[in-house]
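A.B. asks:
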Amino acid sequence: MASSASSTTACRHTSWRARSSCRPLSSRCRTTTRPGLGRPRAPKHRSPRATRGSRRTRRTRTSTSWCLVPSLGSTCTPPSHQDSVEECYTKLTELGLLVQEVLNECMDLPPGFLTDYNSDRSFDFLAALRYFPATEEEDNGISAHEDGNCITFVIQDGVGGLEVLNDDGDWVPAEPVEGSIIVNLGDVIQVLSNNKLKSATHRVVRKPVHRHSFVFFFNIHGAKWIEPLPEFTAKIGEAARYRGFVYNEYMQLRMRNKTHPPARPEDVVHITHYAI
Ligand SMILES: O=C(O)CCC(=O)C(=O)O
Ligand SMILES: [Fe+2]
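Using numbering that gives the first Met the number 0, the first residue of the sequence shown is number 0, and each one after it goes up by one.
1. When you compare the region 112 to 129 with the region 164 to 177, are there three or more beta-carbon pairs, one atom per stretch, that lie closer than 8 angstroms?
2. On the three-state DSSP scale, how would you describe T235?
3. Nearer than 7 angstroms: is that true of the beta carbon of S179 relative to any heavy atom of ligand 1?
4. Does DSSP put P23 in a helix, in a strand, or in coil?
5. Measure how close the beta-carbons of L91 and L125 come, nearest whole angstrom, since I'm counting them as under 8 angstroms.
6. Output needed for P23: all residues of its chain with C-beta closer than 8 angstroms, excluding positions within five of it in sequence on either side, in chain order.
7. Quick check on DSSP: helix, strand or coil for T258?
8. My output table needs one value for N139: the three-state DSSP class, helix, strand or coil.
9. Do you know whose CA, among C105, F213, R202, E162, lies nearest L196's CA?
10. Am I right that P227 and L191 are in contact with their C-beta atoms under 8 angstroms? What's the rounded C-beta distance?
11. Is S212 near ligand 1, going by C-beta to nearest heavy atom under 7 angstroms?
12. Which of the three DSSP states, helix, strand or coil, is assigned to N117?
13. Taking the CB atoms as reference points, tell me whether F217 and N148 lie closer together than 8 angstroms.
14. Could you say if the region 82 to 89 and the region 158 to 166 meet the contact criterion of at least three C-beta pairs nearer than 8 angstroms?
15. Counting along the chain, where does the beta strand (DSSP E) carrying I181 start and finish?
16. In this structure, what does DSSP give as the bridge partners for T63?
Structure follows, in structure tokens:
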């Protein structure tokens, strides 16, 4: 993650629960200074106006998000867009299933393993995000973080601002490419693969103009037990790097990071919470 004390949007969506109401999820968002969400890795470069951790952080609106298609509860989709949003949701679900199969092969798992293991689609959701223009003092859209789920698909407009942290600690812009979808792996895949595959650390830096993105979270059922698979541990003589946990428990801890931001950055819960 970018820094151990960063500013982020207090009320940005974080879990399927928060998205089950039909209103902008962060319509009254204010920028607050609080610990970031990712791993304590120091990037070499920071965008010039980023005020993560700064005492100067002004209370300005940074972003809003709407849940278009939640698995539970109502949606915020206007009736006129219902059909196209639902079609989009169906296609993204198909894409998730396909990418999951590709992952299954890349991870050399028994055929169909991930399809069976992650067969319940009721925790997936699609969100629409709107980022307000950066101000002179502040340009943080979303602080550095890793997604806690399985796979995330991001469809962004042409404005840019999404950045990924590489192994050298440099932030690399995920430049908008028309017609493309960005695929992020999340913490669940990192744990299952015992760190062979990594969840991408990413953030959004706001630009001087509005930015919009659609984010589809291909999740896993909340009751699922997540732990490193034998193919990445016992079968190859490697120790598990994580203890097992129930997915919902991790989601709730991540949510608590937001509702009750810990005073000390080291107390923010990341996937390392389960590291052995
Ligand atoms: O808006 C984006 O490009 C990324 C959003 C994101 O990282 C998230 O919602 O977790
Ligand atoms: Fe993310």
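We put the beta carbon where it would ideally sit given N, CA and C, even for glycine.
Model, not experiment: these values are computed from the prediction.
C.D. replies: According to the data block:
1. no
2. Indexing the sequence shown from 1 puts residue 235 at position 236. According to the sequence provided, residue 235 is Ile. The question's Thr does not apply to it. DSSP places I235 in helix when its eight states are reduced to three.
3. Sequence index remark: in the sequence shown, residue 179 carries index 180 (1-based). Because no heavy atom of ligand 1 lies under 7 angstroms away, the Cβ of S179 does not count as near it: no.
4. For the purposes of this step, residue 23 is taken as the residue at position 24 of the sequence shown. Here the model assigns P23 a pLDDT of 45, short of 50, so the residue's position is not dependable, and the following value carries that caveat. Looking at P23 - three-state DSSP - the assignment turns out to be coil, as it is neither helix nor strand.
5. To locate residue 91, count along the sequence shown from 1; it is residue 92. To locate residue 125, count along the sequence shown from 1; it is residue 126. With 8 angstroms as the limit, L91 and L125 qualify as a contact, their Cβ atoms being about 7 angstroms apart.
6. Counting from 1 along the sequence shown, the entry for residue 23 is found at position 24. Bear in mind that the predicted position of P23 carries a pLDDT of just 45, short of 50, making it unreliable; the figure below should be weighed with that in mind. Around P23: T63, S64, W65, C75.
7. Numbered from 1 along the sequence shown, position 259 holds the residue referred to as residue 258. Three-state result, T258: helix.
8. On the sequence shown, residue 139 is found 140 positions in, with the first residue counted as 1. Three-state result, N139: strand.
9. Counted from its first residue, the sequence shown places residue 196 at position 197. Checking every option, the nearest Cα to that of L196 belongs to C105.
10. Taking the sequence shown and counting its residues from 1, one reaches residue 227 at position 228. Taking the sequence shown and counting its residues from 1, one reaches residue 191 at position 192. About 7 angstroms separates the two Cβ atoms, so the contact holds.
11. Here the question's residue 212 lines up with position 213 in the sequence shown. Answer for S212: yes, Cβ within range of ligand 1.
12. Taking the first residue of the sequence shown as position 1, residue 117 is located at position 118. It is coil, neither helix nor strand.
13. Mapped onto the sequence shown, residue 217 falls at position 218. Mapped onto the sequence shown, residue 148 falls at position 149. Taking 8 angstroms as the Cβ cut-off, F217 and N148 qualify as a contacting pair.
14. no
15. As a working note, residue 181 is residue 182 in the sequence shown. Looking at the DSSP string, the run of the beta strand (DSSP E) that includes I181 is 181 to 184.
16. Stepping through the sequence shown from its first residue, residue 63 is reached at position 64. DSSP, once it has assigned bridges, lists R129 as partnering T63.
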